[in-house]
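**Q** Structure in structure tokens, see below.
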Amino acid sequence: MTETYKVIIDILEKHFGTDTQITDQSHMIDDLNGDDFDVVDVVCQIEEALEISIPEEETMGLQTVQELISVVSAHVES
Amino acid sequence: MWKVKLFFLVFALVGGMGGIFYVKNLQSQLQISEMNNAKLNEGIELQKELLIQKENDFKAITEANNNLLETNTQLQADNRALDQKFNKINASGKQRDIGNLAVQKPRSVESILNKQAVERTRCFEIAQGSPLTEDEINATKKSQINSECTSQANPNYVGY
Chain A
113 MTETYKVIID ILEKHFGTDT QITDQSHMID DLNGDDFDVV DVVCQIEEAL EISIPEEETM
173 GLQTVQELIS VVSAHVES
Chain B
438 MWKVKLFFLV FALVGGMGGI FYVKNLQSQL QISEMNNAKL NEGIELQKEL LIQKENDFKA
498 ITEANNNLLE TNTQLQADNR ALDQKFNKIN ASGKQRDIGN LAVQKPRSVE SILNKQAVER
558 TRCFEIAQGS PLTEDEINAT KKSQINSECT SQANPNYVGY
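Residue numbers (the working numbering), protein chains in the order written: chain A, 113 to 190; chain B, 438 to 597.
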């Protein structure tokens with residue numbers, strides 16, 4: 113488990129709560145009871161925590177935690 | 438003697454004429470009474486019909502009132518959901534700041550607001566009688582619903 117992964121999960125747990133277990137397959141709207149603004153909010157928090165900047169076109173339409181991790185990881189490693 | 442006979446004859450004639458007039462008068466009054474009776478019966482029938490109509494109207498009004506109450510309850514729920522959308526508090530207790538998000542991610546927020554505008558337009562269409570689409574009827578996940586008027590657009594969606 114990478115540091116990036118931990119940061120992402122930590123932010124998701126703080127944002128959505130821990131009532132529902134967050135997995136890679138979790139859908140941020142259907143499973144974590146979020147909405148489109150939550151996804152944007154979470155991305156902003158992750159960018160701030162990891163001090164990265166992700167182009168908006170890459171984050172629009174993100175739905176699952178796995179998709180989020182993939183996009184964020186690509187920018188952390190690059 | 439003939440005077441006495443004449444008297445009785447005149448008396449009998451006058452009595453007979455009087456009797457005939459009396460019977461004719463009675464027949465006339467009877468006819469009027471029958472006509473009045475028929476009118477009264479018509480009136481009673483009309484009143485019965487009006488009473489039935491009033492009962493039906495009352496049922497329709499009660500039903501419409503119940504429908505309005507139900508719609509009002511749904512609209513209040515939708516209103517609460519909309520309010521929560523812009524003032525949502527996350528699990529850490531931090532309130533959502535749409536303005537800040539719009540500054541950081543303007544295109545994403547614009548895209549979300551545009552999507553909501555489309556959904557709102559669809560809500561007006563539904564309110565004006567447009568039939569629901571298959572997708573709207575079959576939507577059971579939060580990501581599939583019209584978040585602006587869920588109760589009207591997605592009858593099979595059960596909120597979390």
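We put the beta carbon where it would ideally sit given N, CA and C, even for glycine. Please read all numbers here as calculations on a predicted model, not as lab measurements.
Taking only the alpha-carbon atoms, compute the straight-line gap between S182(A) and E163(A) and give it to the nearest angstrom.
**A** Each residue's Cα considered, the two are about 16 Å apart.
**Q** E168(A) versus chain B: which residues are under 7 Å apart at the beta carbon?
**A** Simply K542, R544, S545.
**Q** Please go through the same chain and pick out, in chain order, the residues whose beta-carbon is closer than 6 Å to the beta-carbon of H127(A), but skip the five residues on each side of it.
**A** Only V154 meet the Cβ criterion.
**Q** Using a Cβ cut-off of 7 Å, pull out every chain B residue sitting near I141(A), in sequence order please.
**A** What I141(A) touches in chain B: K579, S580.
**Q** Report the partner residues of I526(B) according to the DSSP bridge assignment.
**A** In the DSSP output, where bridge partners are listed per residue, I526(B) has Q532(B).
**Q** Any beta-carbon of chain B closer than 8 Å to the one on D136(A)?
**A** With 8 Å as the cut-off, D136(A) does not count as an interface residue toward chain B.
**Q** Counting only the same chain and skipping the five closest in sequence on each side, list residues whose C-beta sits under 8 Å from that of V546(B).
**A** The answer, listed in chain order, is I535, L538, A539.
**Q** Kindly say whether H127(A), judged by its beta-carbon, lies nearer than 8 Å to any beta-carbon of chain B.
**A** H127(A) counts as touching chain B.
**Q** Using a Cβ-Cβ cutoff of less than 7 Å, which residues in the same chain neighbour L443(B) once the five nearest sequence positions on both sides are dropped?
**A** Contacts found: none.
**Q** Tell me which residues share the same chain as T116(A) and place their Cβ nearer than 7 Å to its Cβ, disregarding the 5 neighbours each side in the sequence.
**A** Within the same chain, T116(A) has close Cβ partners L162, V184, S185, V188.
**Q** Which residue wins for smallest C-alpha separation from D143(A), given the options E160(A), C156(A), L124(A), E159(A)?
**A** Among E160(A), C156(A), L124(A), E159(A), the Cα nearest to that of D143(A) is on L124(A).
**Q** May I ask you to verify whether the stretch 565 to 578 of chain B touches the stretch 481 to 497 of chain B, counting CB pairs closer than 8 Å and requiring at least 3?
**A** No, the stretch 565 to 578 of chain B is not in contact with the stretch 481 to 497 of chain B.
**Q** State the start and end residues of the unbroken alpha helix (DSSP H) segment that holds E585(B).
**A** From DSSP, E585(B) is part of no alpha helix (DSSP H); its letter is neither H nor E.
**Q** Let me check one thing: in DSSP terms, what residues is T176(A) bridge-paired to?
**A** T176(A) pairs with H139(A).
**Q** In angstroms with no decimal places, state the Cα-to-Cα distance between F448(B) and K461(B).
**A** C-alpha separation (whole angstroms): 20 Å.
**Q** Please report the distance separating the alpha-carbon of D147(A) from that of T508(B).
**A** Looking at the two C-alpha atoms, the distance is approximately 25 Å.
**Q** Once you ignore the five residues that flank Q175(A) on each side, which residues in its own chain have a CB closer than 7 Å to its CB?
**A** Here the set comprises H139, M140, I141.
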